[in-house]
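Undergrad:
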Amino acid sequence: TQEQQDKWLTPILEGKTRSVFCMTEPDVASSDATNMQATAVVDSDEIIINGSKWWSSGLGDPAVDILIVMAYTPDETKDRHHQHSMVLVPAKTAGVNIERMLKVFGDYDAPHGHGEVSFDNVRVPVSHFIGGPGMGFEIAQGRLGPGRIHHCMRCIGAAEKSLELAVKRGMERTAFGKPLLQLGGNFERIAEARIKIDQARLLTLYAAQKMDAQGTKAALTEISAIKVVAPTVLQEVVDMAIQIHGGMGVCQDTMLPSFFAQARALRLADGPDEVHKTMIAKLELKRQGFSRSTKPTKA
Numbered sequence: 038t039q040e041q042q043d044k045w046l047t048p049i050l051e052g053k054t055r056s057v058f059c060m061t062e063p064d065v066a067s068s069d070a071t072n073m074q075a076t077a078v079v080d081s082d083e084i085i086i087n088g089s090k091w092w093s094s095g096l097g098d099p100a101v102d103i104l105i106v107m108a109y110t111p112d113e114t115k116d117r118h119h120q121h122s123m124v125l126v127p128a129k130t131a132g133v134n135i136e137r138m139l140k141v142f143g144d145y146d147a148p149h150g151h152g153e154v155s156f157d158n159v160r161v162p163v164s165h166f167i168g169g170p171g172m173g174f175e176i177a178q179g180r181l182g183p184g185r186i187h188h189c190m191r192c193i194g195a196a197e198k199s200l201e202l203a204v205k206r207g208m209e210r211t212a213f214g215k216p217l218l219q220l221g222g223n224f225e226r227i228a229e230a231r232i233k234i235d236q237a238r239l240l241t242l243y244a245a246q247k248m249d250a251q252g253t254k255a256a257l258t259e260i261s262a263i264k265v266v267a268p269t270v271l272q273e274v275v276d277m278a279i280q281i282h283g284g285m286g287v288c289q290d291t292m293l294p295s296f297f298a299q300a301r302a303l304r305l306a307d308g309p310d311e312v313h314k315t316m317i318a319k320l321e322l323k324r325q326g327f328s329r330s331t332k333p334t335k336a
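Everything in the sequence shown is counted per this note's numbering, starting at 38 for the first residue and increasing by one.
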């Protein structure tokens, strides 16, 4: 609503505050979002929220002012994809408890990292529903395409930086009388990295162009494809760069460990590889006039 935008969105856009998105849960397989156990139940003119969330982005940032919580709103008159809601919860509301911050491969990305938060009979006005009860999935799907494209853009930037660091290290360090890049097939590894990065960049641009021209729904295959490809390419390029750096590649003196954590985590965040590959296959079957339940026509 306009009131929500004025109160919560405008300060975020001005850089005065930030929000946290709370969806993933610790006790269920969150790749299937309908597993959600946290509840947002209407009680007269209030919403009561109970449950736990983790991997909540930016939870430790002192500038956090508002939590966007996706939770189960039971309604037997609706299908399962219309029984989840997004609710605006001010960070200082009674019952909101930050349980802990989470480390990725032992690296604490403070204060902008991810955390676990619990909601114990948290009450907010019904006006804090975003779009109304049961609209959570529809709202989430609207941002997933642009969000995944953004992840992939960051992966490509990190891969470019990793390749740059690998080349610099490989040309400046000497072993057995030669620059490292001239040893052990490293030239081939540099070439493969350049090929992979440019392939990922082109697929990202294609997905973004199709999404702009035809809408997110028309670009679902391309969005899922690049969400699989870009983090994998980053992981492979970073691994190569770490190998060229030797011991320095796995310590905090370079960006490489952070890039590796980013790549590996993104193969889970915003949908694991397996979910995206399944989506791509389903869409391809549909494009060719089949479905998963289609029976063979020949023995």
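Just so it is clear, CB atoms sit at the ideal spot from N, CA and C, and this is done for glycine as well.
Small disclaimer: the values here were computed from a predicted structure and weren't measured.
Let me know if Phe297 comes out buried or exposed under the rule of 16 or more other beta-carbons within 10 Å of its beta-carbon.
TA: buried
Undergrad: What did DSSP end up calling Pro162 once you bin it into helix, strand or coil?
TA: strand
Undergrad: For Phe58, which residues in the same chain have their Cβ closer than 6 Å to its Cβ, ignoring the five residues on either side in sequence?
TA: Ser94, Ile105
Undergrad: Report buried or exposed for Gly182, applying the criterion of at least 16 other Cβ atoms within 10 angstroms of its Cβ.
TA: buried
Undergrad: Report yes or no: do three or more beta-carbon pairs, one from the segment 184–194 and one from the segment 239–246, lie closer than 8 Å?
TA: Touching, per the Cβ criterion.
Undergrad: Does the beta-carbon distance from Glu83 to Arg160 come in below 8 Å?
TA: yes
Undergrad: Would you kindly report the start and end of the unbroken beta strand (DSSP E) that includes Ala108?
TA: 101–109
Undergrad: Assuming Leu293 and Ala306 are in contact, meaning their beta carbons sit under 8 Å apart, how far apart are those beta carbons, in whole angstroms?
TA: The Cβ separation is near 20 Å, so there is no contact.
Undergrad: Would you identify the three-state DSSP class for Val274, choosing helix, strand or coil?
TA: helix
Undergrad: Is it right to say Lys115 is buried, meaning 16 or more other beta carbons lie within 10 angstroms of its own, or is it exposed?
TA: exposed
Undergrad: Assuming Phe142 is part of the alpha helix (DSSP H), what are its boundary residues?
TA: That residue, Phe142, is in no alpha helix (DSSP H); it is neither H nor E in DSSP.
Undergrad: Let me make sure I understand the geometry here. Which of Lys44, Gly173, Arg301, Asp144 has the alpha-carbon closest to that of Ile60?
TA: The identity of residue 60 in the sequence shown is Met, whereas the question assumes Ile. For the residues Lys44, Gly173, Arg301, Asp144, the minimum Cα distance to Met60 belongs to Gly173.
Undergrad: Given a threshold of 16 other Cβ atoms within 10 Å of its Cβ, counted over all protein chains shown, does Gly152 qualify as buried or as exposed?
TA: buried
Undergrad: If you follow the beta strand (DSSP E) that Ile86 is part of, which residue opens it and which one closes it?
TA: From DSSP, the beta strand (DSSP E) with Ile86 extends over 83–94.
Undergrad: Does the distance from the CB of Ala77 to the CB of Val124 come in under 8 Å?
TA: Taking the C-beta atoms as reference points, Val124 is found nearer than 8 Å to Ala77.
Undergrad: Using a Cβ-Cβ cut-off of 6 Å (strictly less than) and excluding sequence neighbours within five positions of Lys264, which residues of its own chain qualify?
TA: Excluding positions up to five away in sequence, the list reads Arg185, His313.
Undergrad: Given a cut-off of 8 Å on the beta-carbon distance, is the pair Ile317 and Ala267 in contact?
TA: Not a contact, by the Cβ cut-off of 8 Å.
Undergrad: Could you tell me the distance, in whole angstroms, from the CA atom of Ile234 to the CA atom of Leu202?
TA: 14 Å
Undergrad: From this set, Ala196, Met138, Ala250, Glu175, which residue's C-alpha is nearest Gly150's C-alpha?
TA: Gly150 has its Cα closest to that of Met138, out of Ala196, Met138, Ala250, Glu175.
Undergrad: Identify the continuous beta strand (DSSP E) that holds Met123 and give its terminal residues.
TA: 121–127
Undergrad: Does DSSP classify Phe213 as helix, strand or coil?
TA: In the structure shown, Phe213 adopts coil according to DSSP, grouped into three states.
Undergrad: Does DSSP put Gly168 in a helix, a strand or coil?
TA: DSSP places Gly168 in coil when its eight states are reduced to three.
Undergrad: What residue range is occupied by the uninterrupted beta strand (DSSP E) comprising Val57?
TA: 55–59
Undergrad: May I have the straight-line CA-CA distance separating Pro309 from Gly326, to the nearest angstrom?
TA: 26 Å
Undergrad: How would you call Cys288, buried or exposed, if buried means at least 16 neighbouring beta carbons within 10 angstroms?
TA: exposed
Undergrad: Just to check my reading of the structure: Ala108 and Ala66 have Cβ atoms closer than 8 Å, yes? What is that Cβ distance to the nearest angstrom?
TA: Incorrect: roughly 17 Å between the Cβ atoms, too far for contact.
Undergrad: In chain order, what residues of the same chain lie with their CB nearer than 8 Å to the CB of Pro216, ignoring the 5 residues before and after it?
TA: Gly207, Met208, Glu209, Arg210
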